[in-house]
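Enquirer:
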Amino acid sequence: MKSHTEYLTFNTKKRRDLIHLTPQLEQILAKSGVAEGFMLVSAMHITAGVFVNDDESGLHKDIWKWLEHLAPGGVDYEHHRTGEDNGDAHLKSLLIHHEVTVPITKGRLDLGPWQRVFYGEWDGQRPKRVIIKAMGE
Amino acid sequence: MKSHTEYLTFNTKKRRDLIHLTPQLEQILAKSGVAEGFMLVSAMHITAGVFVNDDESGLHKDIWKWLEHLAPGGVDYEHHRTGEDNGDAHLKSLLIHHEVTVPITKGRLDLGPWQRVFYGEWDGQRPKRVIIKAMGE
Amino acid sequence: MKSHTEYLTFNTKKRRDLIHLTPQLEQILAKSGVAEGFMLVSAMHITAGVFVNDDESGLHKDIWKWLEHLAPGGVDYEHHRTGEDNGDAHLKSLLIHHEVTVPITKGRLDLGPWQRVFYGEWDGQRPKRVIIKAMGE
Chain P
1 MKSHTEYLTF NTKKRRDLIH LTPQLEQILA KSGVAEGFML VSAMHITAGV FVNDDESGLH
61 KDIWKWLEHL APGGVDYEHH RTGEDNGDAH LKSLLIHHEV TVPITKGRLD LGPWQRVFYG
121 EWDGQRPKRV IIKAMGE
Chain E
138 MKSHTEYLTF NTKKRRDLIH LTPQLEQILA KSGVAEGFML VSAMHITAGV FVNDDESGLH
198 KDIWKWLEHL APGGVDYEHH RTGEDNGDAH LKSLLIHHEV TVPITKGRLD LGPWQRVFYG
258 EWDGQRPKRV IIKAMGE
Chain V
275 MKSHTEYLTF NTKKRRDLIH LTPQLEQILA KSGVAEGFML VSAMHITAGV FVNDDESGLH
335 KDIWKWLEHL APGGVDYEHH RTGEDNGDAH LKSLLIHHEV TVPITKGRLD LGPWQRVFYG
395 EWDGQRPKRV IIKAMGE
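Protein chains in written order, with this note's numbering: chain P, 1 to 137; chain E, 138 to 274; chain V, 275 to 411.
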């Protein structure tokens, strides 16, 4: 059995941002030497998410607008009694989910033709980490 | 360590459809020889999803209606500038999630009494794949 | 390869409740002897969920209110034709998701500084199980 762990740190200039992770994940997979197994890609903060979808800029705008509709900012959340103002980022993280497991087959990320992995940041402008752990043989 | 990978292809007659996967997953598990481990079941398209819930037709209608309410079709999504008309299917895929990891114990899918695995199609009528990868010992 | 499986049973006094699982998961991890790998934490019922977020009581109120808004109770769901009255609990389970995969690194749950694992119950007052399976080396 082989396992390999790396951490990526993102410090986005904008508070909300989207980062395409697939190229970096492919590099990490190459280093791992795993040919058959799983790669877990998981945000280590609770105001960010990781998801799989299409790399199409119009769709990204739709996703952002949709998240804002279902988990709006500018609401007086109870969480804000702590001094935070990021209640909506927590809800967006729950909605999108904070992790994906990508299958590894014959040494490649076994994604479908349009599937790409993204990091969604909803409370950035500070260093935040994503863990990538590949396990298999 | 053992690993076993299969792909299922679905070409639904209706644009939106629901397929119960559990019986096929049990057959794949038997072929894999894995007694203890994980089975990843993941849609390879971004307009479909995989989820675990109850095999009850009334509930399935509720889920369909609920998804249509939270991620409606017939909206002028930005994604449609590309010529596509399936923006809602992308959002439904994000909401339901495209993958599940099912535990394998003593050679069985270790699901609760009412848990069944489903493939949710929101933009079908063309061949689309699901990857199933079992890993363990 | 090592694998270790345990089941936790919860019988909440209230119909809807939230249980912080992280301390119990750490104990299970210690028993498993897994140093590098994955821990799957998955509700075995379809009216409950497992998620990762902040252990902050105000936020928990926000999450509860938000779930009630997006997947409301008191609705005449089709599922209720079966005699059940928990249609909303099924939808809440789909929205939050019923499982998480936690990375294990150097014998520890490799969670970020504020990440904690929770069990969300939306139809309790009866015994319900969660499976925890650690796998790795």
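By construction, the Cβ of each residue, glycine as well, lies at the ideal position given by its N, Cα and C atoms. Model, not experiment: these values are computed from the prediction.
For chain V, check one thing: does any of its Cβ atoms lie closer than 8 Å to the Cβ of Asn148/E?
Expert: Residue 148/E sits at position 11 when you count from the first residue of the second sequence. False, the Cβ-Cβ gap to chain V never drops below 8 Å.
Enquirer: I'd like to know whether the C-beta atoms of Leu59/P and His216/E end up nearer to each other than 8 Å.
Expert: Residue 59/P sits at position 59 when you count from the first residue of the first sequence. Residue 216/E sits at position 79 when you count from the first residue of the second sequence. In contact: Leu59/P and His216/E (Cβ atoms closer than 8 Å).
Enquirer: What's the C-alpha gap between Lys270/E and Gly174/E?
Expert: Here residue 270/E refers to the residue found at position 133 when the second sequence is read from its first residue. Here residue 174/E refers to the residue found at position 37 when the second sequence is read from its first residue. One C-alpha to the other measures close to 11 Å.
Enquirer: Does the beta carbon of Gly361/V sit closer than 8 Å to a beta carbon anywhere in chain E?
Expert: What you label residue 361/V is simply residue 87 of the third sequence in a count that begins at 1. Yes, contact with chain E.
Enquirer: Which residue spans inside the region 62 to 106 of chain P form an unbroken alpha helix (DSSP H) run of at least 4?
Expert: The region 62 to 106 of chain P contains these whole alpha helix (DSSP H) runs: 87 to 96.
Enquirer: With distances taken from CA atoms, which of His97/P, Leu111/P, Asp62/P, Arg16/P is nearest Pro23/P?
Expert: Taking the first residue of the first sequence as position 1, residue 23/P is located at position 23. Looking at the Cα atoms, Leu111/P is the closest of the given residues.
Enquirer: Could you have a look at Lys168/E and say whether DSSP puts it in helix, strand or coil?
Expert: In the second sequence, residue 168/E corresponds to position 31, counting from 1. Three-state result, Lys168/E: helix.
Enquirer: What whole-angstrom Cβ distance do Asn148/E and Arg266/E have, given they're in contact under 8 Å?
Expert: On the second sequence, residue 148/E is found 11 positions in, with the first residue counted as 1. On the second sequence, residue 266/E is found 129 positions in, with the first residue counted as 1. Not confirmed; about 10 Å, so no contact.
Enquirer: Expressed to the nearest angstrom, what Euclidean distance is found between the alpha-carbon atoms of Thr184/E and Ser32/P?
Expert: Locating residue 184/E in the second sequence gives position 47, counting from the first residue. Locating residue 32/P in the first sequence gives position 32, counting from the first residue. Rounded to the nearest angstrom, the two C-alpha atoms are 30 Å apart.
Enquirer: Between Gly323/V and Ser194/E, what straight-line distance do the alpha-carbon atoms span, to the nearest angstrom?
Expert: Walking along the third sequence from the start, residue 323/V turns up at place 49. Walking along the second sequence from the start, residue 194/E turns up at place 57. Cα-Cα distance, rounded: 21 Å.
Enquirer: Can you give the Cα-Cα distance for Val52/P and Asp76/P, rounded to whole angstroms?
Expert: Working through the first sequence from its first residue, we reach residue 52/P at position 52. Working through the first sequence from its first residue, we reach residue 76/P at position 76. Their Cα atoms are separated by approximately 30 Å.
Enquirer: Step through the CB atoms of chain V and report whether any lies within less than 8 Å of the CB of Glu68/P.
Expert: Working through the first sequence from its first residue, we reach residue 68/P at position 68. Output row for Glu68/P: interface = no.
Enquirer: So what does DSSP say about Leu162/E, is it helix, strand or coil?
Expert: Counted from its first residue, the second sequence places residue 162/E at position 25. If DSSP states are grouped into helix, strand and coil, Leu162/E belongs with the helices.
Enquirer: If you draw a straight line from the C-alpha of Gly347/V to the C-alpha of Lys13/P, how long is it?
Expert: Here residue 347/V refers to the residue found at position 73 of the third sequence. Here residue 13/P refers to the residue found at position 13 of the first sequence. When rounded, the distance between both Cα atoms is 40 Å.
Enquirer: Can you look up Gly273/E in the DSSP assignment and give me helix, strand or coil?
Expert: Locating residue 273/E in the second sequence gives position 136, counting from the first residue. DSSP places Gly273/E in strand when its eight states are reduced to three.
Enquirer: Quick check on the burial criterion: 16 or more other C-beta atoms within 10 angstroms. Buried or exposed for Arg355/V?
Expert: Residue mapping note: residue 355/V aligns to position 81 of the third sequence, counting from 1. So Arg355/V ends up on the exposed side.
Enquirer: Relative to the alpha-carbon of Leu231/E, which residue among Gly107/P, Val102/P, Ala89/P, Trp66/P has its alpha-carbon at the smallest distance?
Expert: Within the second sequence, the letter at position 94 stands for residue 231/E. It is Trp66/P.
Enquirer: Anyone know if the C-beta pair for Gly136/P and Val34/P falls short of 8 Å?
Expert: In the first sequence, residue 136/P corresponds to position 136, counting from 1. In the first sequence, residue 34/P corresponds to position 34, counting from 1. Cβ atoms of Gly136/P and Val34/P: closer than 8 Å.
Enquirer: Check each candidate in Ile268/E, His141/E, Leu145/E, Arg152/E and name the one with the smallest Cα separation from Gly261/E.
Expert: Numbered from its first residue, the second sequence carries residue 261/E at position 124. Ranking the options by Cα distance to Gly261/E, first place goes to Arg152/E.
Enquirer: How is Leu333/V classed by DSSP in three states: helix, strand or coil?
Expert: As a first step, residue 333/V is located in the third sequence; it is residue number 59 there, counting from the start. Of the three classes helix, strand and coil, the one that applies to Leu333/V here is helix, per DSSP.
Enquirer: With H, G and I counted as helix, E and B as strand and the rest as coil, what does DSSP make of Ile19/P?
Expert: Residue numbering aside, residue 19/P sits at position 19 when the first sequence is read from its first letter. Strand at Ile19/P.
Enquirer: What does Lys335/V reach in chain P if we use C-beta pairs closer than 9 Å?
Expert: Mapped onto the third sequence, residue 335/V falls at position 61. Per Cβ cutoff of 9 Å: Tyr77, Glu78, His79.
Enquirer: Per DSSP, which residues does Lys402/V bridge with? Please list them.
Expert: Residue 402/V sits at position 128 when you count from the first residue of the third sequence. The partner list for Lys402/V (beta bridge, DSSP) reads Phe284/V.
Enquirer: Please list the terminal residues of the continuous beta strand (DSSP E) segment that includes Glu173/E.
Expert: One-based indexing of the second sequence puts residue 173/E at position 36. Here Glu173/E belongs to no beta strand (DSSP E), and DSSP marks it neither H nor E.
Enquirer: Quick check on Glu6/P - is its C-beta less than 8 Å from some C-beta in chain A?
Expert: Of the protein chains in the structure, P, E and V, none is chain A.
Enquirer: Since Thr101/P meets chain V, which of its residues come closer than 9 Å, beta carbon to beta carbon?
Expert: Taking the first residue of the first sequence as position 1, residue 101/P is located at position 101. Residues of chain V passing the Cβ test: Phe312, Thr375.
Enquirer: For Trp259/E, tell me which candidate among Gly224/E, Val237/E, Glu236/E has the shortest Cα-Cα distance.
Expert: Sequence index remark: in the second sequence, residue 259/E carries index 122 (1-based). Of the candidates Gly224/E, Val237/E, Glu236/E, the one whose C-alpha sits nearest the C-alpha of Trp259/E is Gly224/E.
Enquirer: If the cut is a Cβ gap below 9 Å, which residues of chain E does Trp51/P touch?
Expert: On the first sequence, position 51 is the one that residue 51/P refers to. It is worth fixing the name first, because residue 51/P is Phe in this sequence and not Trp. Neighbours of Phe51/P on chain E, chain order: Leu231, His234, His235.
Enquirer: Helix, strand or coil, according to DSSP, for Leu385/V in the structure here?
Expert: As a position in the third sequence, residue 385/V is number 111, starting the count at 1. Leu385/V falls in the coil class under three-state DSSP.
Enquirer: Name the DSSP beta bridge partners of His45/P, please?
Expert: In the first sequence, counting from the first residue as 1, residue 45/P sits at position 45. DSSP output for His45/P lists no bridge partner at all.
Enquirer: Do Glu373/V and Val237/E count as a contact pair if the criterion is CB distance below 8 Å?
Expert: On the second sequence, position 100 is the one that residue 237/E refers to. On the third sequence, position 99 is the one that residue 373/V refers to. Yes, they are a contact pair.
Enquirer: Does the CB of Leu228/E have a neighbour CB from chain P at under 8 Å?
Expert: Taking the second sequence and counting its residues from 1, one reaches residue 228/E at position 91. It does; some Cβ of chain P falls within 8 Å.
Enquirer: Can a CB atom of chain P be found closer than 8 Å to the CB of Thr219/E?
Expert: The residue you call residue 219/E lines up with position 82 of the second sequence. Closer than 8 Å: yes.
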